[in-house]
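Below: the structure, in structure tokens.
Chains as they are written, first to last, in the numbering used here: chain A, 556 to 1108; chain B, 5 to 918.
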């Protein structure tokens, strides 16, 4: 990786340039990374490292084996020269236009720049027009909402912008920012292939525009597409790949990338949040909690990604922590979908499902495509025994992102609740297909096969076997496998699984009725096999337990 | 549901309002209506505009104008002029407010309005009155933004027509010519163009082909964004080129399309009612025509609806139907689940809701549909599992009608698929219906199910279901011997026979349906269908004639009559009636009465083809062609087959293909083309699904023919082995009727191999099967085989054989095909000849006459082997009689046939026909 100092200077220039072109969220991202680069403590006063305190403790906890900071062999990063500005001093009109833009008077800004010819001015004019169109589109979406759903409003500037930008690109007088805008326009028009090419050109010539990277990432829906991109080896590419891997649910690959990036950007909140996201998907809730505690200490007014933290708190049933979090985000910004979701989670934990649904609805009003709100609302409806509504909510989640295994699982559960196990199987199969290493899904599917109505025990056994092979935490699978085999009269297999289950219970120091059952079966089995000594061992162990069993012996 | 609120005011509705004003206030018009009928015609037109569901999108002003030109006759130009000027004069929000308050004046009932001469007072409760009121209401609830949008849209709506100093297309081209060069830059645009051309092509084709879906080509404007992923199957270049030469005013240049068109505010969905009507109609069309409806075209329309009305979930159901009939399993499953997830089975189904629970979810219907889908795709196990679940859920939800339908579906399933599979599942699965225990046989279970299902349908007054249950019952009675349900008690009185009277009774009961449907007519269908048909009639050529008063009224009458006729009997009723005739035909086929089978098939083909699905129609054609082949030889049959194939080009899993293979096989056997016969036979076997218990008919047919081919090749032991295993299979799957044929074949094999004694028991067994199943024709042919067997045992059995043949002759001559008749005649003369008490010199005609007839018939069939035998016998007799000339002639024929038998020609003039 290039040295910290060069990253720092690149980012500083980039922030200025991005700000100049009113690409604020990209500049925000860049600034966050700039501060995230580890400072030399000798050179700076404590006030400079204010945003970085406490972070090193995370590193201590999770980086017992320190990763070497040298890049992997064979990777050399190109250093893209920082772009030269064509006009050193902005024209007066440009300054006026930028002021208008900053006041969100987009059309006015575009009008001021009408006769300006510089690349920068052209970009700002087009961008302002695009944003004006977007704003109008949002308004129209509300205005034209029909009884059968939203009529689709379109950005009316897109057609003319596309024409203009394609001509500019053809004549070779377009800068990377223009290319980024062209990409946006093409996505809006649904021309994904060309959009991908254009965005690729943009990031290759100006890699510091994170917005361009994330648009590009949204176009990489499969690993094949991702691999087909030709990107120059800038360090920004690492960020892109990490994020793309995460979206493609290659969480471990993504984690390695992020951990590697942390060598340089060791204090980046962004990276930490992304790591938390990956850990969350890997269901490492403890780690997620620790990361978020640190994050919120550094950045108390953060709302992004905090809904994930609330999910963790929900799963761990931390009432007070969740209420504290909800209060905090509510005070920060109550009209963020994330805030509404957190409050919804809190009410759900309190068992007030109606209120919870209310807040999820509000979150969806703010962002109709907010995936997790649909799924969570489905869960609430399930709790309220309103299965049709739950099914509807889950289905919407699935239609927004067909790879959301939780919603598929929810659909399956809802149908199973209604006593339609065969119908539910379709959905369980879907969810298992998407997340094949989650034992809970396999167990749910197995239970479906096991129901009285279907009674397809062979299939159930297959599912339990898969569940047992992928780290079944609650250890249901082994027990069920043993039981089913016993039911089918295969005592050898049953004994094998009972033994495994017994070993596991011993290892985890758990006791209970399962233990008694296992011991009893094994004792009887050994007796039938005439292995009396073994049987005796099991019987003596059984004697430790009170109840009808010991009296039987 | 949301139907009431789905009414949004659009430019098109404003136009209709203007027309209504002209209709209601004719005095304002300078040239008033010249006749009452002209006035009425306008009224009818407006009515049709508000009701018809021939399309999903509202027509554009141009379309409206061209239709007005048709209906208005001499008044047309004035109407058009008035309409356009009135609509385009609406230029400010205030104009709109004035316009709609004027509209309120047309309505009757308000006293303040001064009634002028000639004014037609619109009853506020009439259909048009309601329409007007809804428009006014919809306008009144609009926000100011809404009014602005309406105004903009009216502007766009008028602009295109008013600037018609330049042709529309050129206008478009001009606007975008400056960036055409930039267009050629991006390569994937090109692809889009081709695809677009292809889609247009398809739309055109389809429009011509069916006329059912008149798809407005304007819709393509909005669609063009969607066509990206339509696969291009054929070489698009050539097609595109062809397209270019055609001068079609509606086809926009695709290139300009994707670049220049601003699609906002131009397309509006019709009212919810109309769209639903359209969808229902399309669903009917898909179910009727099956795979012949173009998949992609319809998919595009559906996607467009989905885009315009995302909450209209019925679209998913249509997606499901479309992919179902195009055999796309995965898409069908996906869309079925999707539809029921969204709407919980409430939207769009016209089941009688059980009282009390009006809005409850109906997931049992989802299960029913899924079960039928699995059945359609040939997954009997899954189908049965799902249907059992449907039974349980319907019971839990106390949805009796769904339960009745599910039971009927289960009956259908278990009678179609091999029963042994059903037995396995019905036995193990926990189900209240089937918990009768395993003591009763599968057939008896099915019988109980059928009875139960019939009883339910009757008590719920589901007339169509009752009728189709009667049909299922008839089918059951046709194939099963009646047995008492309980297997204990005195069995003395048991007669093991099928009961044709019962079949007849059930079929008659089914036909009662036609007198009962009168009470249930759905207004939705009739109104809309009327309007749609009326509007369609406009575009027929006679509409463009100069309209004199006489033919005008005549035409109206014609239209009305046509509509009244088409809607007076619901299509579903006709369909069930049609299938009762189809069943009659197959029943008579089984019982062995060729003329009656033919008559019933003909009745079906003439009366019910319009209403029935194309696969059923194809089946009837197959039956008729088979009849033709048996009675008039292959030549006729092949030419008829050719006609039928052209007609049912796209019917998937075509029965016609099977028929063709069957005919080819028969013919190859007769002409002793054994290689060809084996090849055809293998092809037939491949058509069947590999799943156990599915396509049993086809599998049986294939291996039966395999055995016959082996027999013809004189590989007797192999043939017998195949026949034996076939017998076992039929026995396993409870196909007793088929076993009679197989036993007869076994007897035949033993006869040919020279073991007549071994053949006798088989022939007798077959005979007794035929007797208990009332298979009269097969019985006659079994008797014939029996006689032949006796005859081959020696001449002392000739008398007995002759008596047997004479007993069977009436049946054979009355109903048998050419081959059977010829066989009987030859056997008869052989009996005479081997009878020691018979002398040729006394009465030669007794043997010569049947032989002559037989050889004539065999020559038609080109059945060389038997024909040779006939001529041989004839030659010998003539020799005995001393008629040398005739002897030479017969001998020559004999030689010809033997030569043909030994050197089968490869080229066959008939094959070229196919």
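Ideal Cβ placement from N, Cα and C applies to all residues, glycine included. As the structure is a prediction and not an experimental result, all values here were calculated from the model.
Once you ignore the five residues that flank residue 796(B) on each side, which residues in its own chain have a CB closer than 6 angstroms to its CB?
Taking the second chain and counting its residues from 1, the one referred to as residue 796(B) is at position 792. Contacts found: 760.
List the endpoints of the continuous alpha helix (DSSP H) containing residue 696(A).
Position 141 of the first chain holds residue 696(A). Run containing residue 696(A): 674-698, per the alpha helix (DSSP H) assignment.
Under the rule that 16 or more other beta-carbon atoms within 10 Å means buried, what is residue 785(A), buried or exposed?
Against the first chain, residue 785(A) aligns to sequence position 230. When all chains shown are included, residue 785(A) counts as exposed.
Can you check whether the C-beta of residue 345(B) is within less than 7 angstroms of a C-beta belonging to chain A?
Working through the second chain from its first residue, we reach residue 345(B) at position 341. Closer than 7 angstroms: yes.
Could you give the C-beta distance for residue 763(A) and residue 587(A), rounded to a whole number, given that I count them as a contact under 8 angstroms?
Locating residue 763(A) in the first chain gives position 208, where the first residue counts as 1. Locating residue 587(A) in the first chain gives position 32, where the first residue counts as 1. Contact doesn't hold; Cβ gap of about 13 angstroms is too wide.
Can you tell me which of 673(A), 968(A) and 985(A) puts its alpha carbon nearest to the alpha carbon of residue 956(A)?
Taking the first residue of the first chain as position 1, residue 956(A) is located at position 401. Nearest of 673(A), 968(A) and 985(A) to residue 956(A), Cα basis: 985(A).
Measuring straight from C-alpha to C-alpha, what distance separates residue 809(A) and residue 791(A)?
On the first chain, position 254 is the one that residue 809(A) refers to. On the first chain, position 236 is the one that residue 791(A) refers to. When rounded, the distance between both Cα atoms is 14 angstroms.
Quick check: is the beta carbon of residue 660(A) nearer than 7 angstroms to any beta carbon in chain B?
Translated into positions along the first chain, residue 660(A) becomes position 105. It does not; no Cβ of chain B falls within 7 angstroms.
Where does the unbroken alpha helix (DSSP H) through residue 794(B) begin, and where does it stop?
For the purposes of this step, residue 794(B) is identified with residue 790 of the second chain, where counting begins at 1. Taken as a continuous stretch (DSSP letters only), the alpha helix (DSSP H) holding residue 794(B) covers 780-796.
Check each candidate in 952(A), 568(A), 777(A) and 866(A) and name the one with the smallest Cα separation from residue 834(A).
Numbered from its first residue, the first chain carries residue 834(A) at position 279. The shortest C-alpha separation from residue 834(A) is found at 866(A).
Rounded to a whole number of angstroms, what is the C-alpha to C-alpha distance between residue 887(B) and residue 879(B)?
Working through the second chain from its first residue, we reach residue 887(B) at position 883. Working through the second chain from its first residue, we reach residue 879(B) at position 875. Their Cα atoms are separated by approximately 9 angstroms.
To be precise: take each residue of the stretch 125-156 of chain B, compare its Cβ to all Cβ atoms of chain A, and keep it if any distance is under 8 angstroms. Which residues remain?
147, 149, 150 and 153
Just to check my reading of the structure: residue 1050(A) and residue 1077(A) have Cβ atoms closer than 8 angstroms, yes? What is that Cβ distance to the nearest angstrom?
Translated into positions along the first chain, residue 1050(A) becomes position 495. Translated into positions along the first chain, residue 1077(A) becomes position 522. Contact holds; Cβ gap of about 6 angstroms.
Could you list which residues in chain A have their beta carbon closer than 8 angstroms to that of residue 396(B), in chain order?
Position 392 of the second chain, counting from 1, holds the residue named residue 396(B). When 8 angstroms is used as the limit between beta carbons, residue 396(B) is near these residues of chain A: 974 and 1008, in chain order.
Is the stretch 382-396 of chain B touching the stretch 966-984 of chain A, taking contact as three or more C-beta pairs under 8 angstroms?
yes
I want to know whether the stretch 292-306 of chain B touches the stretch 910-917 of chain A - three or more CB-CB distances under 8 angstroms.
no
Mind pulling the chain B residues with CB within less than 8 angstroms of residue 699(A)?
Start at 1 with the first residue of the first chain, and residue 699(A) comes out as number 144. Those within 8 angstroms of residue 699(A) in chain B are 153.
Could you name the residues of the same chain whose beta carbon sits closer than 6 angstroms to that of residue 829(A), not counting the 5 residues immediately before and after it, in chain order?
Locating residue 829(A) in the first chain gives position 274, where the first residue counts as 1. Same-chain partners within the cutoff: 813.
Are any of the Cβ atoms in chain B nearer than 7 angstroms to that of residue 1096(A)?
Stepping through the first chain from its first residue, residue 1096(A) is reached at position 541. Chain B contact via Cβ: absent.
Taking the C-alpha atoms as reference points, what is the distance between residue 675(B) and residue 610(B)?
Taking the second chain and counting its residues from 1, the one referred to as residue 675(B) is at position 671. Taking the second chain and counting its residues from 1, the one referred to as residue 610(B) is at position 606. The alpha-carbon atoms of residue 675(B) and residue 610(B) are separated by roughly 35 angstroms.
Counting contacts by CB-CB distance shorter than 7 angstroms, is residue 678(B) in contact with chain A?
Here residue 678(B) refers to the residue found at position 674 when the second chain is read from its first residue. Not one chain A Cβ lies under 7 angstroms of residue 678(B).
Can you tell me which of the three DSSP states residue 771(A) falls into?
Start at 1 with the first residue of the first chain, and residue 771(A) comes out as number 216. The answer is helix: DSSP assigns residue 771(A) an H, G or I state.
Using the Cα positions of residue 132(B) and residue 1011(A), report the straight-line distance between them to the nearest angstrom.
The residue you call residue 132(B) lines up with position 128 of the second chain. The residue you call residue 1011(A) lines up with position 456 of the first chain. The straight-line gap from Cα to Cα measures roughly 60 angstroms.
Relative to the C-alpha of residue 374(B), which candidate in 403(B), 410(B), 402(B) and 347(B) has its C-alpha closest?
Numbered from 1 along the second chain, position 370 holds the residue referred to as residue 374(B). The shortest Cα separation from residue 374(B) among 403(B), 410(B), 402(B) and 347(B) belongs to 410(B).
Quick one: does residue 226(B) have its CB under 7 angstroms from some CB of chain A?
Here residue 226(B) refers to the residue found at position 222 of the second chain. The predicted model places residue 226(B) with a pLDDT of 36, which falls under 50 and marks its position as unreliable, so this point remains unresolved.
Identify the continuous alpha helix (DSSP H) that holds residue 477(B) and give its terminal residues.
Working through the second chain from its first residue, we reach residue 477(B) at position 473. Residue 477(B) -> alpha helix (DSSP H) spans 467-483.
Does the distance from the C-beta atom of residue 962(A) to that of residue 952(A) stay below 7 angstroms?
Counted from its first residue, the first chain places residue 962(A) at position 407. Counted from its first residue, the first chain places residue 952(A) at position 397. Against a cut-off of 7 angstroms, the Cβ pair of residue 952(A) and residue 962(A) comes out as a contact.
Can you check whether the CB of residue 580(A) is closer than 7 angstroms to the CB of residue 574(A)?
Position 19 of the first chain, counted from the start, is the residue given in the question as residue 574(A). Position 25 of the first chain, counted from the start, is the residue given in the question as residue 580(A). No, they are not a contact pair.
For residue 854(A), return the contacting residues in chain B, with the cut-off set at a CB-CB distance below 9 angstroms.
Translated into positions along the first chain, residue 854(A) becomes position 299. Chain B residues near residue 854(A): none, gap ~38 angstroms exceeds 9 angstroms.
Excluding the 5 residues preceding and the 5 following residue 703(B) in the sequence, name in chain order all residues of the same chain whose CB lies nearer than 7 angstroms to its CB.
Indexing the second chain from 1 puts residue 703(B) at position 699. The answer, listed in chain order, is 692.
Taking only the alpha-carbon atoms, compute the straight-line gap between residue 948(A) and residue 901(A) and give it to the nearest angstrom.
Your numbering for residue 948(A) matches position 393 in the first chain. Your numbering for residue 901(A) matches position 346 in the first chain. Take the alpha-carbon of residue 948(A) and the one of residue 901(A): they are about 19 angstroms apart.
Quick check: the Cα distance between residue 668(B) and residue 688(B), rounded to an integer number of angstroms?
Numbered from its first residue, the second chain carries residue 668(B) at position 664. Numbered from its first residue, the second chain carries residue 688(B) at position 684. Each residue's Cα considered, the two are about 11 angstroms apart.
Please compile the residues from chain A whose C-beta is within a distance smaller than 9 angstroms of the C-beta of residue 342(B).
By 1-based counting over the second chain, the position of residue 342(B) is 338. In chain order: 950, 953 and 954.
At which residues does the alpha helix (DSSP H) containing residue 877(B) begin and terminate?
Position 873 of the second chain holds residue 877(B). First-last of the alpha helix (DSSP H) with residue 877(B): 868-885.
Near residue 1046(A), what residues of its chain come up, given a Cβ to Cβ distance below 6 angstroms and the 5 sequence neighbours on each side ignored?
Counted from its first residue, the first chain places residue 1046(A) at position 491. Around residue 1046(A): 1080.
What residues in the stretch 367-385 of chain B bring their beta carbon closer than 9 angstroms to a beta carbon of chain A?
367, 368, 370, 371 and 374
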